[in-house]
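Chains as they are written, first to last, in the numbering used here: chain A, 120 to 372; chain B, 120 to 372; chain C, 120 to 372; chain D, 120 to 372; chain E, 120 to 372; chain F, 120 to 372; chain G, 120 to 372; chain H, 120 to 372.
No residue lacks a Cβ here, since even glycine has one placed at the ideal position from N, Cα and C.
Source: prediction; values computed, not measured.
Single-structure report; data block below.
Number of protein chains: 8
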Amino acid sequence: MNREALELLLTDVAAGRIAPADALLRLRHFPTEALGFAAIDHHRELRQGHPEVVFAEGKTVDQVVEICSRIAERSGRFLVTRADDSVGTRLREAFAEAVWDTVGRTVHLNSSPSSEATGAPVVIVTAGTSDIPVASEAASTAAAFGAMVERVHDVGVAGLHRLVAATDVLSKAGAVVVVAGMEGALPSVVGGLVDVPVIAVPTSVGYGASFGGLAALLGMLNSCAAGVTVVNIDNGFGAGVAAARIVALRRGG
Amino acid sequence: MNREALELLLTDVAAGRIAPADALLRLRHFPTEALGFAAIDHHRELRQGHPEVVFAEGKTVDQVVEICSRIAERSGRFLVTRADDSVGTRLREAFAEAVWDTVGRTVHLNSSPSSEATGAPVVIVTAGTSDIPVASEAASTAAAFGAMVERVHDVGVAGLHRLVAATDVLSKAGAVVVVAGMEGALPSVVGGLVDVPVIAVPTSVGYGASFGGLAALLGMLNSCAAGVTVVNIDNGFGAGVAAARIVALRRGG
Amino acid sequence: MNREALELLLTDVAAGRIAPADALLRLRHFPTEALGFAAIDHHRELRQGHPEVVFAEGKTVDQVVEICSRIAERSGRFLVTRADDSVGTRLREAFAEAVWDTVGRTVHLNSSPSSEATGAPVVIVTAGTSDIPVASEAASTAAAFGAMVERVHDVGVAGLHRLVAATDVLSKAGAVVVVAGMEGALPSVVGGLVDVPVIAVPTSVGYGASFGGLAALLGMLNSCAAGVTVVNIDNGFGAGVAAARIVALRRGG
Amino acid sequence: MNREALELLLTDVAAGRIAPADALLRLRHFPTEALGFAAIDHHRELRQGHPEVVFAEGKTVDQVVEICSRIAERSGRFLVTRADDSVGTRLREAFAEAVWDTVGRTVHLNSSPSSEATGAPVVIVTAGTSDIPVASEAASTAAAFGAMVERVHDVGVAGLHRLVAATDVLSKAGAVVVVAGMEGALPSVVGGLVDVPVIAVPTSVGYGASFGGLAALLGMLNSCAAGVTVVNIDNGFGAGVAAARIVALRRGG
Amino acid sequence: MNREALELLLTDVAAGRIAPADALLRLRHFPTEALGFAAIDHHRELRQGHPEVVFAEGKTVDQVVEICSRIAERSGRFLVTRADDSVGTRLREAFAEAVWDTVGRTVHLNSSPSSEATGAPVVIVTAGTSDIPVASEAASTAAAFGAMVERVHDVGVAGLHRLVAATDVLSKAGAVVVVAGMEGALPSVVGGLVDVPVIAVPTSVGYGASFGGLAALLGMLNSCAAGVTVVNIDNGFGAGVAAARIVALRRGG
Amino acid sequence: MNREALELLLTDVAAGRIAPADALLRLRHFPTEALGFAAIDHHRELRQGHPEVVFAEGKTVDQVVEICSRIAERSGRFLVTRADDSVGTRLREAFAEAVWDTVGRTVHLNSSPSSEATGAPVVIVTAGTSDIPVASEAASTAAAFGAMVERVHDVGVAGLHRLVAATDVLSKAGAVVVVAGMEGALPSVVGGLVDVPVIAVPTSVGYGASFGGLAALLGMLNSCAAGVTVVNIDNGFGAGVAAARIVALRRGG
Amino acid sequence: MNREALELLLTDVAAGRIAPADALLRLRHFPTEALGFAAIDHHRELRQGHPEVVFAEGKTVDQVVEICSRIAERSGRFLVTRADDSVGTRLREAFAEAVWDTVGRTVHLNSSPSSEATGAPVVIVTAGTSDIPVASEAASTAAAFGAMVERVHDVGVAGLHRLVAATDVLSKAGAVVVVAGMEGALPSVVGGLVDVPVIAVPTSVGYGASFGGLAALLGMLNSCAAGVTVVNIDNGFGAGVAAARIVALRRGG
Amino acid sequence: MNREALELLLTDVAAGRIAPADALLRLRHFPTEALGFAAIDHHRELRQGHPEVVFAEGKTVDQVVEICSRIAERSGRFLVTRADDSVGTRLREAFAEAVWDTVGRTVHLNSSPSSEATGAPVVIVTAGTSDIPVASEAASTAAAFGAMVERVHDVGVAGLHRLVAATDVLSKAGAVVVVAGMEGALPSVVGGLVDVPVIAVPTSVGYGASFGGLAALLGMLNSCAAGVTVVNIDNGFGAGVAAARIVALRRGG
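Here's what the structure looks like:
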């Protein structure tokens, strides 16, 4: 729409209906998104087919459903995160083909999926069983953003042999997401075993001096393994997006 | 310069040398500041005559002097903050008319001052003598940004009669900057005495559980007096700018 | 009342009924508010017509209603903040003409409003939809303290074009209140676009390492844009008062 | 009992039934409290008639009642703190003459009160109405430990005239307890007005960057007024005991 | 001086030279300290003979000497704290009779000492030898404020027998100051042995997770012994003043 | 099973069915636990008979029961920690001979207990009655790991005579676990009385500046008594395991 | 060498010189790295030609030089980070062809560089001039790990037009490293402009409540832009490695 | 001496020179250490031959030498920790046979060593080379307290194969001390490999969000491996003592 207004303005200048000086003045008040920014946004959307994301926490069920409906009409695809049972139930009623990950608390709709995902997978590694919900959020998100996903569970550092048994899976990864609470040591160990980017997700699993995930967060930020980057506590979504972007590069995305 | 390029483009469109569609394409790659943003910047500079500000800490003396020289050529006015003795000495050698506030560690050049500042002053209140350097930075900054400044020193809350003696000065203020370390209680007391905006500046003055100004900062953020806002620890500069902007409004700025 | 007692004392001295030395002694025990302080308070109330403010959190519904009733009798105007549904409902029953902002959780009574607010508005900018309750508190407060208010919602820094589209509204502001959670980056961006005072309100919106708003608070205190001041986490009320005081100055208040 | 055992041992030595060397050996295994420590305890109890104190939080109602019953049998006097409604109700049923402070959540039994308290009172000053429960705990505790108590409410630093009006009461104090949340500035101001010990009690009243009373605590620890000491957040009990001990000294206790 | 002005005013009223109404107007602008506050200050000074205190840290040697000279002229007595070697040397040159505590870093002048201190002493207890400088500051301060002082060194909680050996000294105390770094456990133990007020001074002695005295501070605030109050980290001065005020009460001060 | 595969491989090499070079290749993909690690694990299990541990918090009752059933089939022994009432009830229904510690919230099954525990006991010392649940978790855990356990309750540092009365029990300990909240001073005192390892367990008991056990944790980490080590807040389980390992050494384990 | 020992063992088994059962026993004591782990390491080194990295801080110049010499002999390539002037000077003397980045404090030797780097560059964006040293460390590291690097300086969020002017460079990036101190807002803004992975590096630039980079760190962790990951404060090295790994994927690395 | 006084008293009682009642009175004033406590101390010293320990930090060289001389006269053995070069040099001059660990900064004198240490060693494991000084302090301390010590260096978790290569040494340990900075993950990994007590020592090695060792400390406290206990940051001494006590138990100490 703004693009049209801009075209109209330039046509008027070309036709002599508006003087260049007046056009200059009007341009100063043009919404900028008509220009540079919007172009970028458009480019991204065309190429990658990313879904729009709705963070359900703190919204009413009605609000979430309404937002999703509007998105679905426009683009046919959305991803809802932090969806509790009532949100999930209602969305499944409204969008029968939506996929609800009850553990990771995501609901994903993609009415026109592109061809099968290929290339190096995002491998999601979990230290303990309590970290699985956050890992599931990461997995569902990465998948919704077009990545292949494989998962390795319960390979905490106090039992290294379990992790070593997973080296085969790790060696094929295009990116690794490591989800861990408590002392958050797993990303350092994984980072020493692979040579692809490792994204560490601290979880709020723990008690006492874990301070709601702070211990794991600090541990990961101070990882002695190079190439480890970190996202916010319990932020499976953020890790999933970042990992999907990385493997998209490998696919020539 | 960009403005000129833009004018040229529009003239070309008007002259039929460039088709509207091609102009649209070029506009997408135009530096945005040619448009909306730059206009805002220009507007501000014309109206208020603010100096450009150089934060000297972490720069070599040579770097500061060179930056200042280039600014002075273009606009004839600059403000250097966190200027230690060597910076101050060198700047005074290079710019004889510059004003060096050795306590507040600022150097101010204004080769074409506008007419005398008028209107309600910024009143800068200090809890203890150790808070004076930060207060001086605020005072010199506010003055450099065009405000009248009055100062009240050493009126800490443990001796209220000293503060009460200053009510005359306070009652004329257009904005009050309160600089205090330790428990940072003074802004609450001042905020209860005046009805103009109060900007609180916590200082790193104190020891032990002052934690480098954290105690004062938290105290000020939790002030029970309405209308108190806070800047960073030791940030006399920020308070000075904010206060100058407030009284500029009163002057019809 | 104390004023009368003081007049009486001086009259007695004038009439020789009390010796100067005795009067001196009595003056030492006179309540101070009969003098300097009270005058200040009186002055403020006359000039600005500010409502008395009741912070409802931690009080029973009955307590809030009783306090409001007493205030209403005396001055005809009050502002209740942090009013939950039961408080709001009861106050509306008791004061039919009171205005209840259910989102910002304020109830405002003003039985004799002065003439329409004029002058530069307080513009309240919100980063995300979850920040709206705090923004509403700021808006209702600023309005109750006599300011015109305009609002711009959902212009977070990860989608700059939305903010740029709002430059028209921003350019007319007398003061800007920026409400943001998570990383609290919006005030810096807004501070670079306007030349009026910017008051930043961190909100507790976020999770994990947002630590209940601490991340946003620290971000705002360290803003690289000059002229930004900060209030407590979720303190929409404080920002509203401060902003109203600023634009009151512009109005010649 | 141990005392008797000790006497017996010495009698046996005197009678030659036990050799000094053997007695020495046995003494090494004697419970120490038979000696120095116990003496101290005994001395204290005789002189001051302090009640035994029961912290009810985290105990069942039955546990509290049983503990109190045993204490009452032995000494006829107890003080229960952090007593919720169910604890208070049950204790009043069991001990009709007990005094229940529903605001300060204390229950006090003293079946043989000594003669009326005299001497300089403990003055308890409160910044805001939300601080009253903690102030009440301090008041009831100080009274239970034998002190006279006077109270001054709602004299926060943003309205100094209210505090100044209370100087008469303050000037008679033997010790002052100042209870304040938010920025915790009140003790500094009071500390500048009196020359008796001031005990500051930070409360968890506030929100956002008050961090559950941390802001007030740090403010009080950094007080610029000499002679201010601090207790834990919401620890009205501790302040009450300390203040009662101070005025007991004045009474020649 | 203000007192004189006030007397003059009243005399003028009495003489009919000034009308009561005009006097009322003038009184509103009278410095408040001429009245209530000043009276209190005067009262205190007369009764207790407290020295004025100069905090030397952050002041130049010249500044300290000049301030002290002016105080000495007026009152003949001062106390300088945080005096390093250069300050101490210069003050001893200027005031031959001043007492310099090189360990506690205080310099005390009292040219007209009142009669010998009597009554219950302030007992200052130190956990380790590294805590002695802070303890000395407390001791010199308490003495300067008129208290008798006794000291017990090196009685840390990991060797209880040393503390127990000091019970004789403790039992005579009017107030106890306990100075300790590291875990700050000593005040709890001492608080269980005495029935007079205990003032705990955390020191910055320690390393690692002592966090500059934070561990000791928190430990003391959470003391399980009733009647313990706390001052800022390393604040020997504050503890000394508070303790001196307490024993002054006992002396009937 | 992997062991068998490994044997098979070597037999095939010996039989010439597989060439050494091919065997080398296959070895590179062998799960490591077939080798070094597994051996260690096996060794430990044989010698000590440790139960497998299930942390019940955050798991459903059904999940806990199912996990325990599988463990019980394989090894006949498990230890469940953080078992609430519903978990405890269900486990007792399923395993009649399991021992449920309702205070420490553990359930222990050991269907083939080895001969009676002997040797130096683990002594578990508690500061206050509120610390008993954590102490019970430590006690039940240490017992489940094969240690003898003795307990000493309610010997907080503010009443030293109670602790001194327990020196007999302490003197026989092979390891001491000290459980304390609030200021966490008890381990320092105990550490000065014994010469065996002391494991300190901070608890979240306290309020205000105890910050959920942080004060006790820091106090214990800064203990002035040598030989004190610390576990996480409320981590009775960890202390129990560590203490059991220590006394197992003494038993020649 | 271990590989050889392993081959020998298998050959012996094949030759019948060692029985399979004995070989099994010996395998249990084989260093694990002879197998799985070492293979991974070897693979990585062959494919990517990563240099070995030496963190110079906390090592003597002699130690650094010796370590580098040994590495250079073996592989002909190393990267030294946190190299101060003396380290840099000595390394340049010893290795004439080494590249010393005096701003980023790195020294890089690569005696047999592979063919020219191609593919999408790592774009390194800096908020302020003080962030340049950390950005340089990231740039030199990414280059040493084989990536093309482009840099954009001084595009802080308070002057958005400068960032917008850089959209061309950003649109070609394979990964973006954003280096910022103070409030750390830049990654959120950049993250909204690009669709490749963004790695945020908080710097310790700032003062007061920046708390040595904590404010920037928290801001970045709470970024509202998806796909942003974070490394430790001032960790340009870690960001450089992670970014190089990402673009290596795109190159089909 | 006290012992003699006590014997004398008992002898007097036996001889009838002092009545039992009088003896009882005198016993109440006897220094307690004459009894229970001293006995314990004596017992410990006899059995274990522990050296007295001097913490040199914060003491002058002269003070350290004097203290050591007095200790040496009495017991012939001491251990000095945190000894810088000047302390070490002077002590070696004064005590030629003292052993100076220049890396761990300890000086140990033992003029009459008992027979060779035997039994299970304390194994000290280090994550990186920068952790070696703290590890050396632990090693020298453990040796001074009678333990055998073995060391494993540079086995950080990002290169697990190095740690696995050390399993032989680890399997013989009586106690393991793990010294690590940065993320502090090593103790969890080691704790999963051994079944003896593991003592974790966080070091202040790291930068940025390591916060002087806080990250490592929190990581270790939250270790997912059971049986790990923790000491203060950089507290190699404390870990050495605790480990020596543990293996002393095994030796039947």
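Residues of the same chain with a CB within less than 6 Å of the CB of A/Ala-362, apart from the 5 flanking positions on each side, are Val-241, Ala-261, Ala-294, Val-296, Ile-318 in chain order.
The beta carbon of F/Thr-322 is closer than 8 Å to those of Ser-249, Asp-250, Val-253, Val-298, Ala-299, Gly-300, Gly-332, Ala-335, Ile-352, Asp-353 in its chain, skipping five residues each way along the sequence. When Cβ pairs closer than 8 Å are counted between the two stretches, the segment 281-292 of chain A is seen not to touch the segment 180-192 of chain A, the count staying below three.
Across the segment 344-361 of chain H, CB contacts with chain E closer than 8 Å involve Asn-351, Ile-352, Asp-353, Asn-354, in sequence order along the chain. E/Glu-126 sits in a helix when the DSSP states are folded into three classes.
For H/Pro-321, the secondary structure class from DSSP, reduced to helix, strand or coil, is strand. Assignment of A/Val-206 by DSSP, reduced to helix, strand and coil, places it in the helix class. Judged by beta-carbon spacing, F/Gly-355 lies within the 7 Å limit of F/Ala-257, meaning their Cβ atoms are closer than that value.
Going by beta carbons, E/Arg-364 and D/Gly-346 fall inside the 7 Å limit. Shown in chain order are the members of the segment 163-195 of chain A whose Cβ falls below 9 Å from a Cβ of chain C: Phe-174, Glu-176, Gly-177, Lys-178, Gln-182. Setting aside the 5 residues that flank it on each side, F/Leu-312 is surrounded in the same chain by Thr-286, Leu-289, each with a C-beta closer than 7 Å to its C-beta; the list follows chain order. Contacts with chain A at 7 Å (Cβ-Cβ) include B/Val-132. A straight-line Cα-Cα distance of about 30 Å links B/Leu-143 and G/Gly-238. Within chain F, no residue has its CB atom less than 9 Å from the CB of D/Leu-198, the nearest being about 16 Å off. In the structure shown, F/Arg-193 adopts helical secondary structure according to DSSP, grouped into three states. Contact between the segment 173-181 of chain F and the segment 195-210 of chain F is present, with at least three C-beta pairs closer than 8 Å. Between A/Leu-340 and chain H, the shortest Cβ-Cβ separation is below 7 Å. In the DSSP assignment, B/Leu-228 falls within the unbroken beta strand (DSSP E) covering 225-229. Minimum Cα-Cα distance from B/Val-184 among the listed residues B/Val-309, B/Thr-221, B/Gly-223, B/His-227 corresponds to B/His-227. The continuous beta strand (DSSP E) containing B/Val-173 extends over residues 171-174.
At least 7 Å separates the CB of C/Ser-323 from every CB of chain G. For F/Ala-328, the nearest beta carbon of chain D is closer than 7 Å to its own beta carbon. Residue pairing by DSSP places D/Ile-137 in no beta bridge whatsoever. If you draw a straight line from the Cα of C/Gly-247 to the Cα of E/Val-309, it is about 54 Å long. Here A/Glu-269 is bridged, per DSSP, to A/Val-242.
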